[in-house]
Amino acid sequence: VAKPLLSHLTVSNMTWGSVSISWEAQESAFDSFLIEVSNSDHPHETMVLSVPGVSRSSVITNLKASSNYTAHLHGLIGGQRAQTLMVQATTEPKPQLGTLIFSNITPKSFNMSWTTQAGLFAKIVINVSDAHSLHESQQFTVSGDAKQAHITGLVENTGYDVSVAGTTLAGDPTRPLTAFVITEALPLLENLTISDINPYGFTVSWMASENAFDSFLVTVVDSGKLLDPQEFTLSGTQRKLELRGLITGIGYEVMVSGFTQGHQTKPLRAEIVT
218 VAKPLLSHLT VSNMTWGSVS ISWEAQESAF DSFLIEVSNS DHPHETMVLS VPGVSRSSVI
278 TNLKASSNYT AHLHGLIGGQ RAQTLMVQAT TEPKPQLGTL IFSNITPKSF NMSWTTQAGL
338 FAKIVINVSD AHSLHESQQF TVSGDAKQAH ITGLVENTGY DVSVAGTTLA GDPTRPLTAF
398 VITEALPLLE NLTISDINPY GFTVSWMASE NAFDSFLVTV VDSGKLLDPQ EFTLSGTQRK
458 LELRGLITGI GYEVMVSGFT QGHQTKPLRA EIVT
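Structure below.
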């Protein structure tokens, strides 16, 4: 049995927008090849490609995702169709992001993760902007195979609009996922009070949310800034500090700030003269 001039038409490298086809042909049997690609769901959408007779493969692009296609390969001799092969293929779904999830929300940061429904991405772009446009928006770009990100540099007790969009390997952006998230408020630290004032010291006390702080920092600076500042680190359960050994008759500035989850609150301030 004589070997056919044209044989083994196969499909490979299927994506959502392209497909590769290859075939076998006897050497110098054809002047050229004509490839007709039609969408089985929309038969009027047909592409026609012409390739040289030495070619044994071709990449078909500009296809629609999740669509059925039929490709006819015609071997031409003297401008006439000498032999035809046919193959069918279905393009993959277009890559899409699925669900957006937030976790570990703190006053200054949050974690976010997302799912993907199909396909591969070249990159993922995240946009974060506060809802009232009071602060500068942030944009983060992560690799296409990433499934999560840690967003920092945020402002406490602030609402943020977040969008996540993928860019396909072909450079096309996906429909973005959007969400609204509010950073946590910093725990309450208030009512800085100076009491028991005497020539050599005084007592500093404050109020704070219960079990909210890891530690407190008390800083004491003389008004003329002639002496080195004194700093005292206290546990998160303490609410007062007795200061002794100060100089009589000069002014002092006292600052108290709290630390929680690595974040420092804005300090409370008070001034006192011994």
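Numbering-wise (my numbering), the sequence shown opens with residue 218 and increments by one.
Just so it is clear, CB atoms sit at the ideal spot from N, CA and C, and this is done for glycine as well.
Following the continuous beta strand (DSSP E) through residue i, name the residue where it begins and the one where it ends.
{"i": "TYR377", "result": "376-385"}
{"i": "PRO269", "result": "259-269"}
{"i": "ASN256", "result": "249-256"}
{"i": "ALA299", "result": "297-307"}
{"i": "TRP240", "result": "236-242"}
{"i": "LEU314", "result": "313-320"}
{"i": "ASN285", "result": "285-294"}
{"i": "THR367", "result": "A small fix is needed here, since residue 367 is His in this sequence, not Thr. That run of the beta strand (DSSP E) goes 365-368."}
Quick one: grab the DSSP three-state call for residue i.
{"i": "GLU407", "result": "strand"}
{"i": "VAL218", "result": "Since pLDDT at VAL218 reaches only 43, below the 50 mark, its modelled position is unreliable, and the value read off the structure follows with that caveat. Correct three-state label for VAL218: coil."}
{"i": "PHE430", "result": "coil"}
{"i": "ASN279", "result": "coil"}
{"i": "MET329", "result": "strand"}
{"i": "MET472", "result": "strand"}
{"i": "LYS483", "result": "coil"}
{"i": "THR477", "result": "strand"}
{"i": "GLU488", "result": "strand"}
{"i": "ALA396", "result": "strand"}
{"i": "LEU223", "result": "strand"}
{"i": "SER354", "result": "coil"}
{"i": "ALA348", "result": "coil"}
{"i": "ALA402", "result": "coil"}
{"i": "SER272", "result": "coil"}
Looking only at its own chain, which residues have a Cβ that is under 6 Å from the Cβ of residue i, when we skip the five neighbours before and after it?
{"i": "GLN447", "result": "VAL437"}
{"i": "THR395", "result": "SER380"}
{"i": "ALA306", "result": "VAL228, VAL236 and TYR286"}
{"i": "MET472", "result": "THR436, PRO484 and ARG486"}
{"i": "GLU241", "result": "SER224 and HIS225"}
Can you find the residues in the same chain that come closer than 7 Å, C-beta to C-beta, to residue i, ignoring five residues on each side of it along the sequence?
{"i": "VAL218", "result": "Any reading at VAL218 needs caution, since the residue's pLDDT is 43, under 50, leaving its predicted position unreliable; the model's value is listed next. Here the set comprises nothing."}
{"i": "ALA429", "result": "PRO404 and THR477"}
{"i": "THR494", "result": "The chain is shown from 218 up to 491; residue 494 falls before or after that span and cannot be answered."}
Who are the Cβ neighbours of residue i in its own chain at under 8 Å, not counting the five residues just before and after it?
{"i": "ALA282", "result": "TRP233, GLY234, THR308, GLU309, PRO310 and LYS311"}
{"i": "SER354", "result": "ASN344, VAL345, SER346 and ASP347"}
Name, in chain order, the residues that DSSP records as bridge partners for residue i.
{"i": "SER412", "result": "THR420"}
{"i": "SER360", "result": "LYS340"}
{"i": "ASP389", "result": "Answer is none; ASP389 lacks a bridge partner."}
{"i": "THR436", "result": "GLU448 and MET472"}
{"i": "SER229", "result": "SER237"}
{"i": "ALA246", "result": "Answer is none; ALA246 lacks a bridge partner."}
### Query
Can you give, in chain order, each stretch of the alpha helix (DSSP H) that sits fully within the segment 441-466 and has at least 4 residues?
none
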